[in-house]
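Engineer: Sharing a structure, written as structure tokens. Questions coming.
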Amino acid sequence: MNVRAVEEAAVDWVWAHRDRFALGEDALAADGQVNRTWKPLGELTRVCASVSLCTPPSDPVRARVSDLLDFAWRQTREGELFPLMQSLEPFATYPLEVYAAFASAGFRHPGYEASAAVVARTRGWRLTEQYPTRRLGVLEAERHSGIPPHGTVPQALDRTWLGGLPEPWTFERAAGYALTHVVFHVTDWGGRPEGVPPGLADYLLHWLPPWLDTCLEARMWDLGCELLAVAASLPRPPGPDALDEAWLRLAAAQDPSGAIPEEGVVQDAAGEHPGIDPYDFTDCYHSTLMGVFAAALTTARLRDADHAGQGVPG
Numbered sequence: 001m002n003v004r005a006v007e008e009a010a011v012d013w014v015w016a017h018r019d020r021f022a023l024g025e026d027a028l029a030a031d032g033q034v035n036r037t038w039k040p041l042g043e044l045t046r047v048c049a050s051v052s053l054c055t056p057p058s059d060p061v062r063a064r065v066s067d068l069l070d071f072a073w074r075q076t077r078e079g080e081l082f083p084l085m086q087s088l089e090p091f092a093t094y095p096l097e098v099y100a101a102f103a104s105a106g107f108r109h110p111g112y113e114a115s116a117a118v119v120a121r122t123r124g125w126r127l128t129e130q131y132p133t134r135r136l137g138v139l140e141a142e143r144h145s146g147i148p149p150h151g152t153v154p155q156a157l158d159r160t161w162l163g164g165l166p167e168p169w170t171f172e173r174a175a176g177y178a179l180t181h182v183v184f185h186v187t188d189w190g191g192r193p194e195g196v197p198p199g200l201a202d203y204l205l206h207w208l209p210p211w212l213d214t215c216l217e218a219r220m221w222d223l224g225c226e227l228l229a230v231a232a233s234l235p236r237p238p239g240p241d242a243l244d245e246a247w248l249r250l251a252a253a254q255d256p257s258g259a260i261p262e263e264g265v266v267q268d269a270a271g272e273h274p275g276i277d278p279y280d281f282t283d284c285y286h287s288t289l290m291g292v293f294a295a296a297l298t299t300a301r302l303r304d305a306d307h308a309g310q311g312v313p314g
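For the sequence shown, position 205 matches number 205 in the UniProt record's numbering, and the numbering has no gaps at all.
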């Protein structure tokens, strides 16, 4: 398998389409669609921040994602939009979650952090009802933003689907996305594999490969990328026998442009991928970002293994 080729092609696609992540005039509109404005920008930032941290400074990919981070920060007017967002929606958590992705990469706005800390001390903030997986994300966002977390990770983890070590046959799409984000949050997006408790790590080591195979067999590439990122985030990743075939399948699904579709594969009558942009942006940007993320984490783990003299093939 060539994980690096998948990563480079996906990064090139993201770079070529960076303007599609830009914030429009509706970014602060009362009736704006957050999933089409802040969500893509936040996901771009989160992935680039993580890739930057696990990629050597001399690597061209590192330079490219650093430029993308600068681009994303400019979209927020160097952080000035975050206080405005807070004034419009004081108890919404997504502004802090997006900001935390920037903060993890060293982009900070002290004024926003100070005002967010005031809101975070209120009962209204602490008692906001959230899914347990989202709660983990908010705790992580508070920590990255210099705000004392309003709860504990073990307590929030125990309330998630994955934290309960469910029967493996109860895995399905929603549970899959929930479990990947649980792992992302407890490992600081792959940067701290030791954040996965031992019992949970053993459970995932055993059941992640068949879940991954099931998703890729169903051509669920977006979730497949997230599961590959989980595999690279574990204290002891699954062996090559469990992952090589998965990366080959993902590489085959990736368009020559570098885009990875969320599901299925679009082909023309001749059986080839059509055009330079075969997918609508909303149908491939997240899966392509997750391909970058999974490939970068996997490459870093392979590099670490090589340096340790284990010689894990890649």
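Cβ atoms here follow ideal geometry from the backbone N, Cα and C, with glycine treated the same way.
How many Å lie between residue 240 and residue 16 at the Cα?
Structural biologist: As a first step, residue 240 is located in the sequence shown; it is residue number 240 there, counting from the start. As a first step, residue 16 is located in the sequence shown; it is residue number 16 there, counting from the start. Spanning the two alpha carbons is a distance of roughly 32 Å.
Engineer: From this set, 231, 157, 6, which residue's C-alpha is nearest residue 134's C-alpha?
Structural biologist: On the sequence shown, position 134 is the one that residue 134 refers to. The shortest C-alpha separation from residue 134 is found at 157.
Engineer: Are three or more beta carbon pairs between the region 117-124 and the region 166-178 nearer than 8 Å?
Structural biologist: no
Engineer: Taking the alpha-carbon positions, what's the residue 85 to residue 139 distance?
Structural biologist: As a working note, residue 85 is residue 85 in the sequence shown. As a working note, residue 139 is residue 139 in the sequence shown. The alpha-carbon atoms of residue 85 and residue 139 are separated by roughly 19 Å.
Engineer: Going by Cα to Cα distance, which pick from 89, 285, 77, 185 is closest to residue 108?
Structural biologist: Position 108 of the sequence shown holds residue 108. It is 77 whose Cα lies nearest to the Cα of residue 108.
Engineer: Compare the Cα-Cα distances from residue 49 to each of 170, 59, 69 and report the closest residue.
Structural biologist: In the sequence shown, the residue the question calls residue 49 occupies position 49. That would be 69, whose Cα lies nearest to the Cα of residue 49.
Engineer: Using the three-state DSSP reduction, which class does residue 65 fall into: helix, strand or coil?
Structural biologist: Here residue 65 refers to the residue found at position 65 of the sequence shown. Of the three classes helix, strand and coil, the one that applies to residue 65 here is helix, per DSSP.
Engineer: Give a yes or no on whether the C-beta atoms belonging to residue 159 and residue 197 are separated by under 8 Å.
Structural biologist: Here residue 159 refers to the residue found at position 159 of the sequence shown. Here residue 197 refers to the residue found at position 197 of the sequence shown. Cβ atoms of residue 159 and residue 197: not closer than 8 Å.
Engineer: Taking its Cβ as the centre, do 16 or more other Cβ atoms sit within 10 Å of residue 233, making it buried, or is it exposed?
Structural biologist: Sequence index remark: in the sequence shown, residue 233 carries index 233 (1-based). Counting the other Cβ atoms within 10 Å of the Cβ of residue 233 gives 16 or more, which makes it buried.
Engineer: In the DSSP assignment, find the unbroken alpha helix (DSSP H) run with residue 140 in it and report its ends.
Structural biologist: Here residue 140 is taken as the residue at index 140 of the sequence shown, counted from 1. First-last of the alpha helix (DSSP H) with residue 140: 132-144.
Engineer: Which residue marks the beginning of the alpha helix (DSSP H) containing residue 97, and which one marks its end?
Structural biologist: Walking along the sequence shown from the start, residue 97 turns up at place 97. First-last of the alpha helix (DSSP H) with residue 97: 94-104.
Engineer: Among residues of its own chain, excluding the 5 on either side of residue 201, which ones have a beta-carbon nearer than 6 Å to its beta-carbon?
Structural biologist: The residue labelled residue 201 in the question sits at position 201 within the sequence shown. Closer than 6 Å at the Cβ level, and outside the excluded window around residue 201, lie 234, 235.
Engineer: Measure the Cβ-Cβ separation of residue 145 and residue 113 and say whether it is below 8 Å.
Structural biologist: Counting from 1 along the sequence shown, the entry for residue 145 is found at position 145. Counting from 1 along the sequence shown, the entry for residue 113 is found at position 113. Their beta carbons are under 8 Å apart, which means residue 145 touches residue 113 by this criterion.
Engineer: Please classify residue 210: is it buried, with 16 or more other beta-carbons within 10 angstroms of its beta-carbon, or exposed?
Structural biologist: Locating residue 210 in the sequence shown gives position 210, where the first residue counts as 1. With fewer than 16 other Cβ atoms within 10 Å, it is exposed.
Engineer: What does the alpha-carbon distance come out to for the pair residue 212 and residue 246?
Structural biologist: The count along the sequence shown starts at 1 and reaches residue 212 at position 212. The count along the sequence shown starts at 1 and reaches residue 246 at position 246. Using only the alpha carbons, I get a separation of about 8 Å.
Engineer: As a quick exercise: from 8, 282, 12, 290, pick the residue whose alpha carbon is nearest that of residue 190.
Structural biologist: The residue labelled residue 190 in the question sits at position 190 within the sequence shown. The shortest C-alpha separation from residue 190 is found at 290.
Engineer: Is residue 262 closer than 8 Å to residue 283 when the C-beta atoms are compared?
Structural biologist: The residue you call residue 283 lines up with position 283 of the sequence shown. The residue you call residue 262 lines up with position 262 of the sequence shown. Taking C-beta atoms as the reference points, residue 283 and residue 262 count as a pair closer than 8 Å.
Engineer: What does a CB cutoff of less than 8 Å around residue 223 pick up in its chain, not counting 5 residues either side in sequence?
Structural biologist: If you number the sequence shown from 1, residue 223 lands on position 223. Result list for residue 223: 173, 176, 177, 180, 215, in chain order.
Engineer: To test your reading of the DSSP string, which unbroken alpha helix (DSSP H) runs of 4 or more residues are found completely within the region 141-189?
Structural biologist: The alpha helix (DSSP H) runs lying completely inside the region 141-189 and spanning 4 residues or more are 153-158, 173-186, given in chain order.
Engineer: Which word fits residue 102, buried or exposed, when buried means at least 16 other C-beta atoms lie within 10 angstroms of its C-beta?
Structural biologist: On the sequence shown, residue 102 is found 102 positions in, with the first residue counted as 1. The residue in question, residue 102, is buried, as its Cβ has 16 or more Cβ neighbours within 10 Å.
Engineer: Quick one: Cα of residue 226 to Cα of residue 47, how far?
Structural biologist: Counting from one through the sequence shown, the residue named residue 226 turns up at place 226. Counting from one through the sequence shown, the residue named residue 47 turns up at place 47. Roughly 12 Å between the two C-alpha positions.
Engineer: Is residue 93 near the ligand MN, judged by its Cβ being under 7 Å from some heavy atom?
Structural biologist: The model depicted lacks the ligand MN and carries no ligand whatsoever.
Engineer: Buried or exposed for residue 82, please, with buried defined as at least 16 other CB atoms from any protein chain shown within 10 angstroms of its CB.
Structural biologist: The residue you call residue 82 lines up with position 82 of the sequence shown. So residue 82 ends up on the buried side.
Engineer: Residue 221 and residue 250 - do their beta-carbons sit closer together than 8 Å?
Structural biologist: If you number the sequence shown from 1, residue 250 lands on position 250. If you number the sequence shown from 1, residue 221 lands on position 221. Yes, Cβ-Cβ distance for residue 250 and residue 221 is below 8 Å.
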